[in-house]
Amino acid sequence: MRLPHEVAIALLVEAALAATCAGLLFRGRWRRLVTFSVYVPTVLTGNVLVTWWPETFWVYRFWILKESVYSSLTLCIALELGWLTLRPFKGAEATLRRVTVVALVAMAILLATSPGRESTFLAVAGEVLPRVTTVTVWLMALTLVLAHWYRIPWDPFVLGVAVSFGAYQAVFGVLLRLEGIYGWAVQPYLNALDPPAYLVLTVWWAYMCWRPDPAGSSGRRRLLQDLQLEASR
Amino acid sequence: MTLLIVMLLGLVLLLMVAGLYNQETILRDWQMILAPWGERAYRELEKRAEGEAHLADYAYERARAAADPAEAVRLLEVGLKVIQHSSRDWVIVLRGMGVLSRMAGAIAPVEPVRPAAFRASHLWGLATLARLGHHLLVTTAERFRLRAYVLRGGFAIATRLFVQSLARTRARGAAAEPEWERLAAIRDDLRVLPAESLRTFHWLLVSLAAERRRTA
């Protein structure tokens with residue numbers, strides 16, 4: 042049985058996600074990061090199902106399914122972030138390709154060596170998901186490092202998503218990993234800390250989707266036009 | 234536990250780089266790359282290098298001609314101030330070249346710094362090592378950055394050698410003659426370093442001009 046404050050936070054998250062969806066559509070920002078625009082309604086649907094039909098969807102099996110889908114989409118967001126930001130710049134793109142291959146190979150090795158657990162939930166939540174999350178966070182961080190090294194300007198909206206989502210993913214991953222190490226004892230902490238953190242994240246996203254573009258944000262677009270690379274974006 | 238640490242390190246890196254990000258500076262650098270500013274900047278650098286070399290030479294020649302060793306040391310100290318100031322400027326310029334080289338799509342092939350051009354053994358050693366590194370690196374951009382890095386190191390080493398030589402003279406007492414042979418070698422090397430830096434800048438300009446043609 043979910044506690045009333047947990048339901049309240051879940052409802053607020055849904056409201057923030059709905060506002061984010063609307064912002065993506067009405068402000069036309071869904072084009073700037075397509076995988077993110079797929080991720081947001083997917084999470085919204087998952088949350089609505091759990092909140093409104095808990096007897097069917099508030100079960101471990103569904104949690105594992107939805108978190109696996111979310112993790113895969115998050116990894117896709119990390120890949121698109123790099124591709125979108127660095128691809129128009131020749132030198133950076135070549136390095137990004139190498140970094141991505143190394144990251145994906147590392148993830149494959151991490152997943153292949155993840156130990157089995159007594160319960161499927163602990164195996165997925167405590168072993169598999171933290172490994173995928175680690176690679177995702179590192180991909181986002183390395184994309185930022187490469188952009189910094191090659192002096193590449195970011196779209197402010199995309200940068201906002203990269204930093205906020207990367208930071209949240211790290212927090213979420215740490216909590217999951219702690220559950221993997223200490224078992225069920227960590228579950229109450231995960232339940233207490235993760236929903237508020239996710240609420241903060243979704244409210245920030247809603248704000249980012251609706252706020253006008255900051256002054257000077259057209260700089261990247263102008264630069265790409267100057268370099269005549271807009272078409273390849 | 235290792236996974237936990239790796240994840241937290243990723244978070245720290247992400248937040249650190251996000252904190253360093255400055256869109257305005259980056260766009261300004263790109264505007265500079267895409268504008269035809271190169272020739273003017275090259276001439277200005279050339280003129281400045283000549284002026285500073287002339288000042289340092291003047292101080293050195295006056296010191297050499299001074300009858301009193303204490304006066305010679307004082308004049309050499311004036312020369313040192315000029316060298317320190319100009320070396321600091323060149324290090325900044327070379328660091329900037331390294332940054333701009335990352336933004337060019339391709340860098341024109343560069344040559345390594347010639348060890349034989351230097352008289353001081355430290356600089357000769359550095360240039361020899363750099364020559365070896367030059368052949369081990371794959372891309373011209375990496376070779377360019379190595380060249381800029383070596384020249385930056387060269388300025389630091391030459392200035393330090395000058396300082397050490399003066400300190401030794403001072404330590405020997407007011408009547409001691411400065412180490413003229415060693416100082417002459419450093420002075421020659423300090424003529425080579427700006428000339429090589431200018432050549433590096435020339436390669437960068439050629440690469441950036443190609444970038445402009447590519448996008449025009």
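Going line by line, the protein sequences match chains Z and S. Residues 42 to 274 (the numbering used here) make up the first sequence, in order. Residues 234 to 449 (the numbering used here) make up the second sequence, in order. Glycine residues also receive a C-beta, built at the ideal position from the N, C-alpha and C atoms. Source: prediction; values computed, not measured.
Where residue i falls: helix, strand or coil (DSSP)
{"i": "T154(Z)", "result": "coil"}
{"i": "A63(Z)", "result": "helix"}
{"i": "A272(Z)", "result": "Reliability of the predicted coordinates at A272(Z) is poor, the pLDDT of 41 falling under 50, and no value is obtained from them."}
{"i": "D254(Z)", "result": "coil"}
{"i": "L399(S)", "result": "helix"}
{"i": "V186(Z)", "result": "helix"}
{"i": "R218(Z)", "result": "helix"}
{"i": "R128(Z)", "result": "coil"}
{"i": "V84(Z)", "result": "helix"}
{"i": "S354(S)", "result": "helix"}
{"i": "W104(Z)", "result": "helix"}
{"i": "V332(S)", "result": "helix"}
{"i": "R68(Z)", "result": "coil"}
{"i": "Y239(Z)", "result": "helix"}
Cutoff 8 Å: residue i Cβ touching any chain Z Cβ
{"i": "A374(S)", "result": "yes"}
{"i": "V343(S)", "result": "no"}
{"i": "R380(S)", "result": "no"}
{"i": "Y254(S)", "result": "yes"}
{"i": "M330(S)", "result": "no"}
{"i": "L237(S)", "result": "yes"}
{"i": "G243(S)", "result": "yes"}
{"i": "D262(S)", "result": "yes"}
{"i": "R385(S)", "result": "no"}
From the options, residue whose alpha carbon lies closest to that of residue i
{"i": "A133(Z)", "options": "L163(Z), L187(Z), G157(Z), R102(Z)", "result": "L187(Z)"}
{"i": "L394(S)", "options": "A417(S), V383(S), R405(S), A381(S)", "result": "A417(S)"}
{"i": "R405(S)", "options": "Y291(S), L241(S), A303(S), I238(S)", "result": "A303(S)"}
{"i": "L242(S)", "options": "T126(Z), G214(Z), M249(Z), R252(Z)", "result": "G214(Z)"}
{"i": "L217(Z)", "options": "L85(Z), P171(Z), P156(Z)", "result": "P171(Z)"}
{"i": "T258(S)", "options": "W179(Z), W195(Z), W251(Z), F67(Z)", "result": "W195(Z)"}
{"i": "L412(S)", "options": "L236(S), E279(S), L309(S), E285(S)", "result": "In the sequence as presented, Leu is not what sits at residue 412(S); that position holds Glu. Here the closest residue by C-alpha is L309(S)."}
{"i": "C250(Z)", "options": "E47(Z), L44(Z), I50(Z), R73(Z)", "result": "R73(Z)"}
{"i": "P82(Z)", "options": "V100(Z), C62(Z), R68(Z)", "result": "C62(Z)"}
{"i": "A305(S)", "options": "R403(S), L423(S), D421(S), A442(S)", "result": "R403(S)"}
{"i": "V140(Z)", "options": "P253(Z), A247(Z), A182(Z)", "result": "A182(Z)"}
{"i": "H287(S)", "options": "R424(S), L438(S), L437(S)", "result": "R424(S)"}
{"i": "L85(Z)", "options": "W71(Z), E47(Z), Y111(Z), V75(Z)", "result": "Y111(Z)"}
Residue i at chain S interface by Cβ criterion, 8 Å
{"i": "T207(Z)", "result": "According to the sequence shown, residue 207(Z) is Gly rather than Thr. G207(Z) counts as touching chain S."}
{"i": "W245(Z)", "result": "no"}
{"i": "I222(Z)", "result": "yes"}
{"i": "R274(Z)", "result": "Annotation note: pLDDT 44 at R274(Z) (below 50); position unreliable, coordinate value reported separately. Not closer than 8 Å to any Cβ of chain S, the Cβ of R274(Z) fails to qualify, so no."}
{"i": "P156(Z)", "result": "no"}
{"i": "G132(Z)", "result": "yes"}
{"i": "G189(Z)", "result": "First, the residue type needs correcting, since residue 189(Z) is His and not Gly in the sequence shown. Answer yes: the Cβ-Cβ gap between H189(Z) and chain S drops below 8 Å somewhere."}
{"i": "T174(Z)", "result": "yes"}
{"i": "A182(Z)", "result": "yes"}
{"i": "A149(Z)", "result": "no"}
{"i": "R218(Z)", "result": "yes"}
{"i": "E271(Z)", "result": "Low confidence applies here, because E271(Z) scores a pLDDT of 44, under 50, leaving its location unreliable and the question unanswered by this model."}
Checklist entry - Would you say the segment 237-251 of chain Z touches the segment 46-57 of chain Z, given that touching needs at least three Cβ pairs under 8 Å? => result yes
Next on the checklist: Runs of 4 residues minimum, wholly inside the segment 249-313 of chain S: which ones carry the alpha helix (DSSP H) assignment?
Outcome noted: 256-267, 271-298
Checklist entry - Looking at C-beta atoms only, is the number of pairs between the segment 208-221 of chain Z and the segment 160-168 of chain Z that lie closer than 8 Å three or more? => result yes
Next on the checklist: Would you call the segment 377-395 of chain S in contact with the segment 340-350 of chain S, where contact means no fewer than 3 C-beta pairs closer than 8 Å?
Outcome noted: yes
Item to check | Cβ contact check for the segment 223-236 of chain Z and the segment 173-183 of chain Z: 3 or more pairs under 8 Å | outcome: no
Checklist entry - When the Cβ atoms of the segment 201-214 of chain Z are set against those of the segment 240-254 of chain S, are three or more pairs found closer than 8 Å? => result yes
Next on the checklist: Does the contact criterion of 3 or more C-beta pairs under 8 Å hold for the segment 316-327 of chain S versus the segment 349-359 of chain S?
Outcome noted: no
Next on the checklist: Would the segment 345-352 of chain S count as touching the segment 420-430 of chain S if we require 3 or more Cβ pairs under 8 Å?
Outcome noted: yes
Next on the checklist: For the segment 88-97 of chain Z against the segment 150-166 of chain Z, do three or more pairs of beta-carbon atoms, one drawn from each stretch, fall closer than 8 Å, so that the two count as touching?
Outcome noted: no
Item to check | Segment contact flag, the segment 110-129 of chain Z with the segment 190-201 of chain Z, C-beta cutoff 8 Å, min 3 pairs | outcome: yes
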